[in-house]
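Asks: End of the sequence shown sits at 273 in the numbering used here; the numbers just go up one at a time, nothing left out.
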Amino acid sequence: MVNAIDVLVSGRVVQHESPYREPATTGVIRLRGVTKSYGTGPGRTQVLKGVSFDVSEGEFVALIGQSGSGKSTLLNIIGGLDYPDDGEVEVLGLDYARASETERARLRNRRIGFVFQAFNLLDHLTCLGNVILPAQFTRDGKDASERGVEALRRVGLADLAGRKPSELSGGQKQRVAIARALFGAPALLLCDEPTGNLDSETGKEVIDFFSELNQRDRVTLLIVTHERRVSSVARRVIAMRDGMLGDAGPDDLSRPA
Ligand code: ADP
Ligand code: MG
Numbered sequence: 017m018v019n020a021i022d023v024l025v026s027g028r029v030v031q032h033e034s035p036y037r038e039p040a041t042t043g044v045i046r047l048r049g050v051t052k053s054y055g056t057g058p059g060r061t062q063v064l065k066g067v068s069f070d071v072s073e074g075e076f077v078a079l080i081g082q083s084g085s086g087k088s089t090l091l092n093i094i095g096g097l098d099y100p101d102d103g104e105v106e107v108l109g110l111d112y113a114r115a116s117e118t119e120r121a122r123l124r125n126r127r128i129g130f131v132f133q134a135f136n137l138l139d140h141l142t143c144l145g146n147v148i149l150p151a152q153f154t155r156d157g158k159d160a161s162e163r164g165v166e167a168l169r170r171v172g173l174a175d176l177a178g179r180k181p182s183e184l185s186g187g188q189k190q191r192v193a194i195a196r197a198l199f200g201a202p203a204l205l206l207c208d209e210p211t212g213n214l215d216s217e218t219g220k221e222v223i224d225f226f227s228e229l230n231q232r233d234r235v236t237l238l239i240v241t242h243e244r245r246v247s248s249v250a251r252r253v254i255a256m257r258d259g260m261l262g263d264a265g266p267d268d269l270s271r272p273a
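Rendered as structure tokens:
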């Protein structure tokens, strides 16, 4: 069901079929039969073989599975950074197949936060500079510094706003990256092995922080991780196996990356 909205075009009100669905009918993520292959000819491999799943508002879902099983590919498709070959992808009410590139970019920039294994911080900028960097390219630049310090406060690093990333520990760097992801107050946070470059103690701290963020601020979380602790704090653990998703069994949790 697609709803129609009225749009003002050149001074005239016209009906425009919105790519957004009725909010009441959707969760945060809805995937149906998503497929993706890489390569051509005999070298072609099907990474996703028809992935279907839903994530509701406020959920904390951990995605696990062996290395090369397609977890990052799936996360990138959900984040609008990559395209599926087939299937339906709907995120925060936006039907990707019907949306324009601009609409997808707007959703990505304003409502989705990304956290990666490599912290991807720029070392010539301060921590605050890194956090507010995305805002410099949008209209959201107003009060950016103030809001950037607030984002750093949420990850417990307001005191280090003026430091360079090279002066921080690994855990602190990842917290700066999380502050950057939180800066735009996203409804959905997609994290790809956020603890992969951290020692297990620091990894636990970061996972605990995600848990707190989910419970306190109701941010919906989808985290690719091998951190054992996640199985106890995530509300749902799903496993990627043979290009498809299923509930994780005890085997998946004990298996290394
Ligand atoms: P995971 O994150 O679970 O380790 P990925 O989604 O990164 O898995 O990769 C799944 C498979 O797809 C791997 O075999 C990988 O080599 C392949 N792959 C991923 N991205 C590309 C790409 N851009 N081009 C070709 N093959 C790719
Ligand atoms: Mg990966």
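Glycine residues also receive a C-beta, built at the ideal position from the N, C-alpha and C atoms.
Note that the structure is a prediction, hence the values are computed from the model and not measured.
Here's the rule: buried if 16 or more other CB atoms are within 10 angstroms of the residue's CB, otherwise exposed. What is T118?
Replies: The count along the sequence shown starts at 1 and reaches residue 118 at position 102. When all chains shown are included, T118 counts as exposed.
Asks: Going by the CB atoms, is the gap between G103 and V71 shorter than 9 angstroms?
Replies: Translated into positions along the sequence shown, residue 71 becomes position 55. Translated into positions along the sequence shown, residue 103 becomes position 87. For V71 and G103, no; Cβs fall outside 9 angstroms.
Asks: With a floor of 3 residues, list each beta strand (DSSP E) that falls wholly inside the stretch 72 to 157, ordered by position along the chain.
Replies: 76 to 80, 102 to 107, 128 to 131
Asks: For F199, which residues does DSSP report across the bridge?
Replies: Here the question's residue 199 lines up with position 183 in the sequence shown. Per DSSP, none; premise fails for F199.
Asks: Taking 8 angstroms as the line, does the beta carbon of E221 fall inside it for any heavy atom of the ligand GDP?
Replies: In terms of ligand content, the structure shown lacks the ligand GDP and carries the ligand ADP and the ligand MG instead.
Asks: Counting pairs of beta carbons, one from the stretch 190 to 205 and one from the stretch 225 to 238, are three or more of them closer than 8 angstroms?
Replies: yes
Asks: Apart from the five residues on each side of it in sequence, which residues of its chain come closer than 7 angstroms, Cβ to Cβ, to A264?
Replies: Looking up residue 264 in the sequence shown gives position 248. Here the set comprises I80, V253, I254, A255.
Asks: Indicate the three-state DSSP secondary structure (helix, strand or coil) for A255 in the structure shown.
Replies: Taking the sequence shown and counting its residues from 1, one reaches residue 255 at position 239. A255: strand per DSSP, three-state reduction.
Asks: Can you give me the C-alpha to C-alpha distance between A160 and R126, rounded to a whole angstrom?
Replies: Taking the first residue of the sequence shown as position 1, residue 160 is located at position 144. Taking the first residue of the sequence shown as position 1, residue 126 is located at position 110. Rounded to the nearest angstrom, the two C-alpha atoms are 14 angstroms apart.
Asks: Three or more C-beta pairs under 8 angstroms: does that hold for the stretch 164 to 177 against the stretch 186 to 199?
Replies: yes
Asks: Where Y99 and S182 are concerned, what is the direct C-alpha to C-alpha distance, given to the nearest angstrom?
Replies: Within the sequence shown, the letter at position 83 stands for residue 99. Within the sequence shown, the letter at position 166 stands for residue 182. Their Cα atoms are separated by approximately 34 angstroms.
Asks: Which term fits L138, buried or exposed, when burial requires 16 or more other beta carbons within 10 angstroms of its beta carbon?
Replies: Taking the first residue of the sequence shown as position 1, residue 138 is located at position 122. It is exposed - the Cβ of L138 has fewer than 16 other Cβ atoms within 10 Å.
Asks: Below 8 angstroms on the Cβ atoms is my guess for V131 versus G187; work out the distance and round it to an integer in Å.
Replies: Residue 131 sits at position 115 when you count from the first residue of the sequence shown. Residue 187 sits at position 171 when you count from the first residue of the sequence shown. With 8 angstroms as the limit, V131 and G187 do not qualify as a contact, their Cβ atoms being about 13 angstroms apart.
Asks: Cβ of S83 versus every heavy atom of the ligand MG: is any distance shorter than 8 angstroms?
Replies: Here residue 83 corresponds to residue number 67 of the sequence shown, with the count starting at 1. Yes, the Cβ of S83 comes within 8 angstroms of a heavy atom of the ligand MG.
Asks: When you measure from the CB of K87 to every non-hydrogen atom of the ligand MG, does any distance come out below 8 angstroms?
Replies: The sequence position of residue 87 within the sequence shown is 71, counting from 1. Checking the 8 angstroms criterion, the Cβ of K87 is within range of a heavy atom belonging to the ligand MG.
Asks: Return the CA-CA distance between L261 and V67, expressed in angstroms with no decimal places.
Replies: Counted from its first residue, the sequence shown places residue 261 at position 245. Counted from its first residue, the sequence shown places residue 67 at position 51. Approximately 6 angstroms, taken between the alpha carbons.
Asks: Taking all protein chains shown into account, do 16 or more other C-beta atoms lie within 10 angstroms of the C-beta of T41, making it buried, or fewer, making it exposed?
Replies: If you number the sequence shown from 1, residue 41 lands on position 25. With a pLDDT of only 47 at T41, under 50, the local geometry of the prediction cannot be trusted, and no value is derived from it.
Asks: By how many angstroms is the C-alpha of V50 removed from the C-alpha of R114?
Replies: Position 98 of the sequence shown holds residue 114. Position 34 of the sequence shown holds residue 50. Rounded to whole angstroms, R114 to V50 spans 15 angstroms at the Cα level.
Asks: Using the Cβ count rule (16 or more neighbours within 10 Å means buried), how would you classify Q190?
Replies: Here residue 190 refers to the residue found at position 174 of the sequence shown. Classification of Q190: buried, given that the 10 Å Cβ count is 16 or more.
Asks: Identify the continuous alpha helix (DSSP H) that holds K180 and give its terminal residues.
Replies: On the sequence shown, position 164 is the one that residue 180 refers to. Premise fails: K180 is in no alpha helix (DSSP H) and is neither H nor E.
Asks: Contact check, T142 vs A174 under 8 angstroms by CB: the rounded distance?
Replies: Walking along the sequence shown from the start, residue 142 turns up at place 126. Walking along the sequence shown from the start, residue 174 turns up at place 158. 12 angstroms between Cβ atoms; not a contact.
Asks: Exposed or buried, which one is E209 when buried takes at least 16 other CB atoms within 10 Å?
Replies: Along the sequence shown, one-based indexing puts residue 209 at 193. With 16 or more Cβ atoms within 10 Å of its Cβ, E209 is classed as buried.
Asks: Between V240 and the ligand MG, is the CB less than 8 angstroms from at least one heavy atom?
Replies: Taking the sequence shown and counting its residues from 1, the one referred to as residue 240 is at position 224. Within the cutoff, so yes.
Asks: From this set, N136, H242, G200, which residue's C-alpha is nearest G212's C-alpha?
Replies: For the purposes of this step, residue 212 is taken as the residue at position 196 of the sequence shown. With distances taken between Cα atoms, G212 lies closest to H242.
Asks: According to DSSP, is T41 helix, strand or coil?
Replies: As a first step, residue 41 is located in the sequence shown; it is residue number 25 there, counting from the start. Any reading at T41 must be qualified, since the residue scores a pLDDT of 47, below 50, and its modelled position is unreliable; no value is offered.
Asks: Quick check on this structure: which residue in Q133, R163, R257, H140 has the alpha carbon closest to the alpha carbon of G219?
Replies: Stepping through the sequence shown from its first residue, residue 219 is reached at position 203. Measuring C-alpha to C-alpha distances from G219 to each of Q133, R163, R257, H140 identifies Q133 as the nearest.
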